[in-house]
Amino acid sequence: MPFGVMGGHYQAAGHAHFLSHVLDLGLDVQQAADAPRTFAFQNVLQIETTLPDGQRSELARRGHVIEAVETPLGGCQAIFVDHDRGVMFGASDHRKDGLAFAA
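Following this line, the structure appears as structure tokens:
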């Protein structure tokens with residue numbers, strides 16, 4: 459049964475996913491917010507439908523039980539402060555309403 463996860467179960471995984479995309483993969487905050495998401499819950503790997511087919515196939519080949527979910531996995535608004543340049547960068551997730559605002 460597909461369901462959307464926000465807060466609760468998904469929150470820590472969502473934060474780690476976002477930070478890994480910024481810190482490990484070098485994406486900017488908007489790219490990290492836009493990236494397709496996955497979430498392992500109750501022995502099922504839920505994937506957003508935007509995850510490329512090749513990645514889906516590889517995850518299934520590795521033994522994951524895959525469930526494509528239509529509802530978004532989390533949501534994000536973020537602000538990155540670049541102290542060296544004295545600027546802020548904002549990101550707002552297409553999955554939900556909202557915006558990033560810094561003053």
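Residue numbers (this note's numbering): 459 to 561.
Each residue gets a CB set at the ideal place from its N, CA and C atoms; glycine is no exception.
These numbers come from a predicted model, not from an experiment.
Between the stretch 480-496 and the stretch 536-547, the count of Cβ pairs shorter than 8 Å is three or higher; the stretches touch. Counting the other Cβ atoms within 10 Å of the Cβ of Q513 gives fewer than 16, which makes it exposed. DSSP places E528 in no alpha helix (DSSP H); its state is neither H nor E. Under the three-state reduction of DSSP output, G548 falls in the strand class.
Ranked by Cα distance from A474, the options F559, H541, G532 and A561 are led by G532. Secondary-structure assignment with DSSP links T496 through a beta bridge to I505. Residue nearest to N501 within the set A518, L557, T529 and R543 is A518 (criterion: CA-CA distance). If you check the CB distance, T507 and E528 come in under 8 Å. Note: F538 is bridge-paired with F547 in the DSSP secondary-structure output.
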